[in-house]
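Residues are numbered in this note's numbering as their position in the sequence shown, beginning at 1, plus a constant of 859.
The structure appears right after this line, and notes come after that.
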Amino acid sequence: MKRKLYLSIAALFFIAVLVFFIPCSGGQAYAITGEKVLELIITTDKGDGYTYYAELSDRDFRKLKNDLMNEIKPYLIDARKECAREMGYREEIYGEENYKMVIITKYSIVIRDQSNGRTILSR
């Protein structure tokens with residue numbers, strides 16, 4: 860009789876932990892979605908380094924993994940746009956193609972699992 864009581868109390872405690880504590884814990888440690896983060900490190904012709912981050916769905920990750928040279932191009936353009944803004948090449952002065960003022964001499968790619976920070980792909 861006591862054993863059943865202890866088991867039922869333990870089960871209720873376990874359910875309470877699942878219901879109350881896990882959703883309130885911030886989410887990062889318990890992310891189940893499997894989303895990935897692209898970390899794109901670029902070096903400009905002036906020697907400046909810049910890191911660009913973008914979230915990747917599983918589909919985007921597969922596309923990057925299968926055809927990196929073509930699929931990375933939109934991310935490189937986005938990184939150049941952000942870098943141009945930070946370097947002072949404003950759209951009002953240089954126009955919509957202000958990002959062309961930034962020349963990338965080299966770049967490296969790191970894709971990490973968002974839930975635990977584990978490196979999945981590095982090039």
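Ideal placement from N, C-alpha and C gives every residue a C-beta, glycine not left out.
Note that the coordinates shown come from a computational prediction; the quantities given were computed from them, not determined experimentally.
* Asked: Do the CB positions of ILE968 and ARG982 come within less than 8 Å of each other?
  -> yes
* Beta carbon of LEU895 nearer than 8 Å to that of LEU927 -> It is worth fixing the name first, because residue 895 is Lys in this sequence and not Leu. No, they are not a contact pair.
* Can you check the region 937-977 for any alpha helix (DSSP H) of at least 4 residues that lies completely inside it and give the ranges in chain order? => 950-953
* Report yes or no: do three or more beta-carbon pairs, one from the region 952-964 and one from the region 900-916, lie closer than 8 Å? => yes
* To do: Please classify GLU894: does DSSP put it in a helix, a strand, or coil?
  => coil
* Report all residues from its chain with a CB closer than 7 Å to the CB of CYS883; omit the five preceding and five following residues, and keep chain order. => Any reading at CYS883 must be qualified, since the residue scores a pLDDT of 39, below 50, and its modelled position is unreliable; no value is offered.
* Find the nearest neighbour of ASP917 within the set GLU950, ASN929, LEU897, judged by alpha-carbon distance. => LEU897
* Going by the beta-carbon positions, is the gap between TYR934 and LEU899 smaller than 8 Å? -> yes
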